[in-house]
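Residue numbers (UniProt numbering): 1 to 592. Even for Gly, the Cβ is constructed at its ideal location relative to N, Cα and C. Note sheet for the following structure.
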């Protein structure tokens, strides 16, 4: 029922029904008023006509001959009459129904009708008299008081009153006709309303369903255009709207996907903020950066972004100005650019921040400058020595052949040192750029690593150092490696261990299996490396304090950097453990 009243059919039906009901109500009221006036006039005319007839007859009739039968013959069933003298003596009476004495008494004692005995003017009134049909009930009657001149000069009065039943019946019949008309009008109105509304609401319902389909993203449906009126034109407009919405949404989705792809592929972090500084949008680099800040600043803090970023946001949102700054936050370097976002009304609705992590770039710049400085430092000494000794030989400063040969030997050693430095630099550059190709082959583990270790036995004896080799690997164990590169790793590590171990110390090479890796350890009992130097041992040109070295032969500082690159090229890793005064252990893992 509620659905009907909320629909166009129900509203149209109710509107037409109310309109018809209102018209019928006005018509009924007017009709009843008209009928009342008509019946009053008809009753007055009928009563006057009957009174005139009776008056003419009574005027020529002896008083003794005026009987009740005379009045009965002259009046119809609904009309009653009383002929009385001035002293209230009733000569003749024709009354039907109940309460006759009460009615007669009311009429004769009425002050209004007493006047007819003294005047020749008839009086007609509507009076409330006892009912002729029911006891203890009063009804409205039309009463005509008419003066009579009876023979022999007697003055009397005629009282004619009409029973209102006929008038009431007529009114009731009229009311029934009106109600019957109202029922017929209700049925016809309902049929007409539903018939008319079905022609209107059926296409409107289809349009509603089509609108819901559009809201759900279904744009392929089309409304039928069977009508040429306004509803048909509305269907055409709906179809055009659906096509346009589909086109615009496709364009928006393409632009959204394009923007999403751009944001996703950007290496810079992009964060969009609302006016209240809440985050609206962020790309994957920004998500990682926010996660790092969130973990670092604590989960309990309401504002987990760095304070510097909030200060920049305040400036941009308040002054509506673009801001770009380089900041150091928690040891990292960032270039932050924040621009205001404006709505169509040019009001600031937020801001967008582009954050570039400059830490690696600054680190690389430092490494590059340090590399140039280190290479320059390493080359400057041998070049100076080459130049100095060459000039001494050319200028003839050297007097003996023995001194000359010594200078030539020094020149040769320094040139060899420069060659090693250049070779190490080339090897390191090739490995870091990925241009170095490993030539892997399957080799037995124990014989290969024992051979490389025993290569340094003579050097160890000369320096009074005990060189040991220990293995827990089976005799048939094999590994897939580039033997030359792994030999370069072990050579570097064992050579460093011997050079940094004092006399009567020991250097041990041990092999064992740990999970699916070959664990290789090179341990010494040398001076060890301080905790401050440990994080930098694998960096290029790192050198420990020369005072800790047994001899004055110092390497290029590239060996351990090359070792790390070779091990990582084999999908392994390397670490160092050391304690000053007790020794150092280099451990690297190679996958089996």
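Return the Cβ separation of residue i and residue j in integer angstroms, given the expectation that the two are a contact with Cβ distance under 8 Å.
| i | j | result |
| --- | --- | --- |
| residue 487 | residue 452 | 5 Å |
| residue 471 | residue 521 | About 11 Å separates the two Cβ atoms, so there is no contact after all. |
| residue 45 | residue 148 | Incorrect: roughly 20 Å between the Cβ atoms, too far for contact. |
| residue 518 | residue 589 | 7 Å |
| residue 445 | residue 477 | 5 Å |
| residue 50 | residue 74 | 7 Å |
| residue 156 | residue 91 | 7 Å |
| residue 342 | residue 336 | Residue 342 to residue 336, Cβ: 20 Å. No contact. |
| residue 271 | residue 282 | 5 Å |
| residue 71 | residue 189 | With 8 Å as the limit, residue 71 and residue 189 do not qualify as a contact, their Cβ atoms being about 53 Å apart. |
| residue 138 | residue 128 | 5 Å |
| residue 481 | residue 440 | 6 Å |
| residue 102 | residue 130 | 4 Å |
Closest to residue i by C-alpha separation, out of the options, would be which residue?
| i | options | result |
| --- | --- | --- |
| residue 79 | 159, 413, 239 | 159 |
| residue 538 | 500, 513, 492 | 492 |
| residue 280 | 350, 268, 305, 517 | 350 |
| residue 437 | 484, 397, 365, 469 | 484 |
| residue 411 | 383, 182, 397 | 383 |
| residue 386 | 581, 413, 141 | 413 |
| residue 237 | 19, 258, 207 | 207 |
| residue 334 | 30, 369, 368, 289 | 289 |
| residue 125 | 535, 255, 115 | 115 |
| residue 514 | 473, 135, 138 | 473 |
| residue 462 | 274, 362, 505, 38 | 505 |
| residue 262 | 391, 284, 59 | 284 |
| residue 525 | 340, 571, 584 | 584 |
| residue 326 | 362, 133, 95 | 362 |
| residue 352 | 82, 314, 136, 235 | 314 |
| residue 93 | 86, 82, 369, 87 | 82 |
| residue 530 | 576, 568, 516, 133 | 576 |
Alpha carbon to alpha carbon, how far is residue j from residue i? Give it in angstroms, no decimals.
| i | j | result |
| --- | --- | --- |
| residue 329 | residue 560 | 32 Å |
| residue 209 | residue 240 | 16 Å |
| residue 621 | residue 120 | The first residue shown for the chain is 1 and the last is 592, placing residue 621 beyond what the model contains. |
| residue 595 | residue 106 | Nothing in the structure corresponds to residue 595, since the chain is present only between 1 and 592. |
| residue 212 | residue 242 | 11 Å |
| residue 42 | residue 203 | 58 Å |
| residue 548 | residue 294 | Per-residue confidence for residue 548 stands at a pLDDT of 40, beneath the threshold of 50, marking its modelled position as unreliable; no derived number is given. |
| residue 501 | residue 426 | 29 Å |
| residue 503 | residue 495 | 15 Å |
| residue 32 | residue 178 | 10 Å |
| residue 582 | residue 533 | 16 Å |
| residue 356 | residue 267 | 8 Å |
| residue 416 | residue 573 | 31 Å |
| residue 276 | residue 220 | 41 Å |
| residue 592 | residue 562 | 22 Å |
| residue 308 | residue 523 | 48 Å |
| residue 84 | residue 19 | 56 Å |
| residue 233 | residue 251 | 27 Å |
| residue 30 | residue 100 | 35 Å |
| residue 245 | residue 21 | 46 Å |
| residue 366 | residue 358 | 12 Å |
| residue 13 | residue 175 | 25 Å |
| residue 509 | residue 360 | 36 Å |
| residue 395 | residue 388 | 11 Å |
| residue 57 | residue 86 | 19 Å |
| residue 469 | residue 458 | 14 Å |
| residue 570 | residue 442 | 13 Å |
With 16 as the cutoff for other CB atoms within 10 Å, does residue i come out buried or exposed?
| i | result |
| --- | --- |
| residue 527 | buried |
| residue 489 | buried |
| residue 247 | exposed |
| residue 292 | exposed |
| residue 499 | buried |
| residue 104 | buried |
| residue 578 | buried |
| residue 564 | buried |
| residue 162 | buried |
| residue 364 | exposed |
| residue 310 | exposed |
| residue 184 | exposed |
| residue 601 | Given a span of 1 to 592 for the chain in the structure shown, any question on residue 601 remains unanswerable. |
| residue 180 | exposed |
task: Quick one: which unbroken beta strand (DSSP E) runs of 3-plus residues sit fully inside the region 445-514? Chain order, please.
output: Runs of the beta strand (DSSP E) lying entirely within the region 445-514, each at least 3 residues long, are 466-471, 478-481, 506-514 in chain order.
message: Runs of 4 residues minimum, wholly inside the region 232-307: which ones carry the alpha helix (DSSP H) assignment?
response: Secondary structure remark: continuous alpha helix (DSSP H) runs of at least 4 residues inside the region 232-307, in chain order: 284-297.
- request: Run through the region 9-73 for me and flag every whole beta strand (DSSP E) of 3 or more residues, listed as ranges in chain order.
  value: Runs of the beta strand (DSSP E) inside the region 9-73: none found.
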